[in-house]
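Numbering (our numbering), first residue to last: 3 to 167.
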């Protein structure tokens, strides 16, 4: 009985998880985080491209004063900037929820290993983990969609600028 009290007093972070139990989950999360990093990098690159091109067109050189952007070009640039910004937000949301879901997963595993875990508490952690996984999945999908829409809007703006020249 005192053994159960001792293990109950042990902080969850000090409870050892059997080797080979969680490594696959961590590797999978690292791959998702790598993909997430690439999406974020591309979204930030898109924001930079919009800014650079807008400055070159809005503030033309002294020799080329006659060029100005049409309303449709401004709309395309604005949409691409909006989509790239939203994609960045979703990639950061994905990072948060994916790390959070792994933390809840580890916590529920350690509660089980502890031996005298309250089944309702473990189930609650799993439900929270599953919600975080769903948010994580949704965020990475929306980030990819917004990045694609940002690229399409930017390409449309390029086309409109080239057509106007």
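Glycine is no exception: its CB is placed at the ideal position from the N, C-alpha and C atoms.
*Identify whether residue 75 lies in helix, strand or coil by the three-state DSSP scheme.*
Within the chain shown, numbered from 1, the residue matching residue 75 stands at position 73. Correct three-state label for residue 75: helix.
*Starting from the Cα of residue 174, find the closest Cα among 78, 136, 110 and give me that residue.*
The structure shown does not extend to residue 174, since the chain is modelled only from 3 through 167, so no value can be given for it.
*By a C-beta neighbour count over all protein chains shown, 10 Å radius and 16 as the cutoff for buried, is residue 47 buried or exposed?*
The residue given as residue 47 occupies position 45 in the chain shown. By the 10 Å Cβ count, residue 47 comes out exposed.
_I'd like to check one pair, residue 89 with residue 2: are the Cβ atoms closer than 8 Å?_
It is not possible to answer for residue 2, since the shown part of the chain is limited to 3 through 167.
*Please name the residue in 56, 86, 113 whose C-alpha comes closest to that of residue 72.*
Stepping through the chain shown from its first residue, residue 72 is reached at position 70. Here the closest residue by C-alpha is 56.
*How is residue 24 classed by DSSP in three states: helix, strand or coil?*
As a position in the chain shown, residue 24 is number 22, starting the count at 1. It is coil, neither helix nor strand.
*Can you find at least 3 beta carbon pairs, one from the segment 156–167 and one from the segment 74–82, that sit closer than 8 Å?*
When Cβ pairs closer than 8 Å are counted between the two stretches, the segment 156–167 is seen to touch the segment 74–82, the count reaching three or more.
_I'd like the list of long-range same chain contacts for residue 128, defined as Cβ closer than 6 Å, with 5 residues on each side in sequence excluded._
By one-based count along the chain shown, residue 128 stands at place 126. Closer than 6 Å at the Cβ level, and outside the excluded window around residue 128, lie 110.
*Looking only at C-alpha atoms, which of 163, 101, 143 sits nearest to residue 35?*
For the purposes of this step, residue 35 is identified with residue 33 of the chain shown, where counting begins at 1. Of 163, 101, 143, the residue nearest in Cα terms is 101.
*Quick one: residues in its chain with C-beta nearer than 6 Å to the C-beta of residue 87, no 5 flanking neighbours on either side, listed in chain order?*
Your numbering for residue 87 matches position 85 in the chain shown. For residue 87, where only same-chain residues beyond five positions count, there are no Cβ hits under 6 Å.
_Test item: CB-CB of residue 145 and residue 41 under 8 Å_ = Within the chain shown, residue 145 is the residue found at index 143, counting from 1. Within the chain shown, residue 41 is the residue found at index 39, counting from 1. Yes, they are a contact pair.
_Check this for me: beta carbons of residue 138 and residue 103, under 8 Å apart or not?_
For the purposes of this step, residue 138 is taken as the residue at position 136 of the chain shown. For the purposes of this step, residue 103 is taken as the residue at position 101 of the chain shown. Pairing residue 138 with residue 103 gives a Cβ-Cβ distance under 8 Å.
*What distance in whole Å lies between the Cβ atoms of residue 85 and residue 148, which are believed to be in contact at a cut-off of 8 Å?*
As a position in the chain shown, residue 148 is number 146, starting the count at 1. As a position in the chain shown, residue 85 is number 83, starting the count at 1. Going by Cβ atoms, the distance from residue 148 to residue 85 rounds to 5 Å, so yes, they are a contact pair.
*How should residue 93 be labelled, buried or exposed, when 16 other C-beta atoms within 10 angstroms of its C-beta is the threshold for buried?*
Locating residue 93 in the chain shown gives position 91, where the first residue counts as 1. Residue environment: residue 93 is assigned as buried (16 or more neighbouring CB atoms within 10 Å of its CB, all protein chains considered).
_Separation of residue 45 from residue 52, as counted between CA atoms_ = Within the chain shown, numbered from 1, the residue matching residue 52 stands at position 50. Within the chain shown, numbered from 1, the residue matching residue 45 stands at position 43. Here the alpha carbons of residue 45 and residue 52 stand approximately 11 Å from one another.
*Reference residue 164, options 33, 59, 43, 38, closest by Cα*: To locate residue 164, count along the chain shown from 1; it is residue 162. Among 33, 59, 43, 38, the Cα nearest to that of residue 164 belongs to 59.
*Cβ neighbour criterion (16 or more within 10 Å) applied to residue 113*: Position 111 of the chain shown, counted from the start, is the residue given in the question as residue 113. Buried is the call here.
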